[in-house]
Amino acid sequence: MNNDARVLLWGSVIGAVTWLEDREVGVFQYAPNFLGSGIKLAPLMMPLGEFPYEFPALARNTFKGLPGLIADSLPDKFGNAIIDAWLASQGRTAASFHPVERLCYIGSRGMGALEFEPATLGPPTSTNAVEVGKLVDLANQILDERA
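Start counting the sequence shown at 1; every next residue gets the next number (full-length UniProt numbering).
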């Protein structure tokens with residue numbers, strides 16, 4: 001399980017987010033090369049700076065322990081239902097899949113301009129093909145259960 005993710009904007013790394021399991025909080029820090037860009041993604045709560053940001057006091061049910069700028073990219077209720085169904089098919093519980101993993105699962109397919117990828121050293125050791133048919137079946141199953 002990877003607790004670290006690179007955060008990208010328009011294809012460039014702007015920072016990283018780390019999930020601290022012991023505190024159940026996500027910590028974000030801007031990348032040094034992004035600091036000089038002048039792009040202010042969250043000027044009031046997360047102005048450009050070299051220090052890490054964490055907001056453990058934010059509502060856990062809304063922000064899932066993440067800074068607001070990052071939490072905005074989390075999937076909605078239906079997206080989470082699809083992910084949770086996929087997790088169940090893999091023998092995992094929803095609780096075993098922390099928010100940074102959810103962001104990495106979403107990757108570049110989420111709402112907004114931010115993208116997420118696991119922060120690993122070196123090239124990936126393996127790849128898994130996305131099985132679209134199985135995802136469609138899971139989505140249909142969830143829709144049928146809601147009807």
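Don't be surprised by glycine CBs; every beta carbon is placed ideally from N, CA and C. Bear in mind the structure is a predicted one, so any value in this text is a computation, not a measurement.
Open item on the list: Within the continuous alpha helix (DSSP H) that includes T18, where are the two ends?
Closed with: No alpha helix (DSSP H) holds T18; the beta strand (DSSP E) holding it covers S12 to L20.
Open item on the list: Excluding the 5 residues flanking R6 on each side, which residues of the same chain have their C-beta closer than 6 Å to its C-beta?
Closed with: V13, A16, E117 and A119
Task: Span of the alpha helix (DSSP H) around E101 - done: P99 to I106
- [ ] Kindly list the residues whose CB is nearer than 7 Å to the CB of K64, restricted to its own chain and excluding five residues on each side of it in sequence; keep chain order.
- [x] A71, L74 and P99
- [ ] Output the distance between the C-alpha atoms of P43 and G68, rounded to the nearest integer angstrom.
- [x] A straight-line Cα-Cα distance of about 12 Å links P43 and G68.
Open item on the list: Measuring straight from C-alpha to C-alpha, what distance separates Y30 and R102?
Closed with: 20 Å
TODO: Excluding the 5 residues preceding and the 5 following N80 in the sequence, name in chain order all residues of the same chain whose CB lies nearer than 6 Å to its CB.
DONE: Short of 6 Å from the beta carbon of N80, and not among the five residues preceding or following it, lies no beta carbon of its own chain.
Task: Same chain only: Cβ atoms within 6 Å of residue 200, ignoring 5 sequence neighbours per side - done: Residue 200 is absent from the structure shown; the chain starts at 1 and stops at 147.
- [ ] Could you check what DSSP says for Q29 in three-state terms: helix, strand or coil?
- [x] strand
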